Ligand SMILES: Nc1ncnc2c1ncn2[C@@H]1O[C@H](COP(=O)(O)OP(=O)(O)OP(=O)(O)O)[C@@H](O)[C@H]1O
Ligand SMILES: [Mg+2]
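Residue numbers (our numbering): -9 to 275.
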């Protein structure tokens, strides 16, 4: 479904970006609807961070346009609607978690005060670490503080550049729950990631970038295509290529009618990972 214009949080139209002789983006069009969670996948160097930085106004596109909530990316109003977690970020190591958030409340002009900071730290599982200095935090804790920082001021659009790269499974669980919470608040999210299974679980829609172009786009369920049905009979398993779940009763009935004994049936679906590898030509991301 294409979102109506007034509900679109982010629109990129034919965005191109060249750095010298390097083409980082070669005409990318992408939309993030209001309250939608879109995953941006692609191998190293595909252009994911470049697109995110253009949406923030940190990088100017060479061609095309990007709008945030109907305003040109980079303008004051557009910036005011965004929360951003950069891919490689560093907070001053002497600051406590709470002080980092105070700083970002000032930068974002948020009047949320101590209650906002406490709520955000709790949201990312750092409530007990409010007075812990950045230098004493693990990488994963810093990354969760980074996510809290991006949420200061209650942005309408959250741009997260690999927010779970340093997180252990428990930390990823926290972020997954957080995505659910953001969904109920109606916050839109553009999420860059290499963790296909994570993206598959949390995103409404996925776009796969390769060499600066969107090569595949769709809902995770639609990108995981059926591959066939495997039936276990005496003497081994038989593969019925192209068959789907709906074909199973007929196939089993036919086998039984012809005197076969059926021990099991398994519907095979390609995973998002297989679709991804196909889309990017086997390149590893
Ligand atoms: N400031 C820059 N100057 C020159 N080239 C750049 C710059 N930033 C990015 N590039 C180039 O643009 C291309 C896209 O880079 P980008 O960082 O957007 O990729 P990415 O998809 O985020 O990759 P990764 O998965 O490694 O984070 C790469 O070829 C990169 O080398
Ligand atoms: Mg990147």
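Note that CB positions come from ideal geometry on N, CA and C, so glycine has one too.
As the structure is a computational prediction, the values presented were derived from the model and not from experiment.
Tell me the rounded alpha-carbon separation between residue 225 and residue 5. For the purposes of this step, residue 225 is identified with residue 235 of the chain shown, where counting begins at 1. For the purposes of this step, residue 5 is identified with residue 15 of the chain shown, where counting begins at 1. Taking the straight line joining both Cα atoms gives about 56 Å.
In chain order, each alpha helix (DSSP H) run of at least 4 residues that lies wholly inside the stretch 206 to 245: Counting whole runs of 4 or more residues, the stretch 206 to 245 contains the alpha helix (DSSP H) stretches 210 to 213.
If you measure between the beta carbons of residue 213 and residue 135, is that distance less than 8 Å? Sequence index remark: in the chain shown, residue 213 carries index 223 (1-based). Sequence index remark: in the chain shown, residue 135 carries index 145 (1-based). Result no, Cβ atoms of residue 213 and residue 135 do not sit closer than 8 Å.
Could you check what DSSP says for residue 62 in three-state terms: helix, strand or coil? Here residue 62 refers to the residue found at position 72 of the chain shown. Of the three classes helix, strand and coil, the one that applies to residue 62 here is strand, per DSSP.
Every unbroken alpha helix (DSSP H) inside the stretch 150 to 216 [4 residues or more]: 159 to 175, 186 to 192 and 210 to 213
Residue 14, enclosing beta strand (DSSP E) - first and last residue: Residue mapping note: residue 14 aligns to position 24 of the chain shown, counting from 1. Run containing residue 14: 12 to 23, per the beta strand (DSSP E) assignment.
Pop quiz: residue 110 and residue 141 are said to be a contact at Cβ under 8 Å. What is the actual Cβ separation, rounded to whole angstroms? By one-based count along the chain shown, residue 110 stands at place 120. By one-based count along the chain shown, residue 141 stands at place 151. The pair is a contact, with the Cβ atoms about 5 Å apart (cut-off 8 Å).
In chain order, what residues of the same chain lie with their CB nearer than 8 Å to the CB of residue 189, ignoring the 5 residues before and after it? Counting from 1 along the chain shown, the entry for residue 189 is found at position 199. Here the set comprises 29, 31, 181, 183, 196, 210 and 262.
What separation, rounded to the nearest whole angstrom, lies between the Cα atoms of residue 17 and residue 138? For the purposes of this step, residue 17 is taken as residue 27 along the chain shown, with counting starting at 1. For the purposes of this step, residue 138 is taken as residue 148 along the chain shown, with counting starting at 1. Cα to Cα, residue 17 sits roughly 32 Å from residue 138.
Got a sec: does ligand 2 put a non-hydrogen atom nearer than 7 Å to the Cβ of residue 38? The sequence position of residue 38 within the chain shown is 48, counting from 1. Yes - ligand 2 has a heavy atom lying nearer than 7 Å to the Cβ of residue 38.
Please work out which residues of its chain come closer than 7 Å, Cβ to Cβ, to residue 264, disregarding the five sequence neighbours upstream and downstream, and give them in chain order. What you label residue 264 is simply residue 274 of the chain shown in a count that begins at 1. Once the five neighbours on either side are set aside, residue 264 has no close Cβ partner at all.
Assuming residue 116 is part of the alpha helix (DSSP H), what are its boundary residues? On the chain shown, position 126 is the one that residue 116 refers to. Where residue 116 is concerned, there is no enclosing alpha helix (DSSP H), given that its DSSP letter is neither H nor E.
Presumed contact (8 Å Cβ cut-off) between residue 36 and residue 201, rounded CB distance: The sequence position of residue 36 within the chain shown is 46, counting from 1. The sequence position of residue 201 within the chain shown is 211, counting from 1. The Cβ separation is near 7 Å, so the contact holds.
Quickly, what does DSSP pair residue 259 with across the bridge? List them, please. Position 269 of the chain shown, counted from the first residue, corresponds to residue 259. DSSP lists 216 as partners of residue 259.
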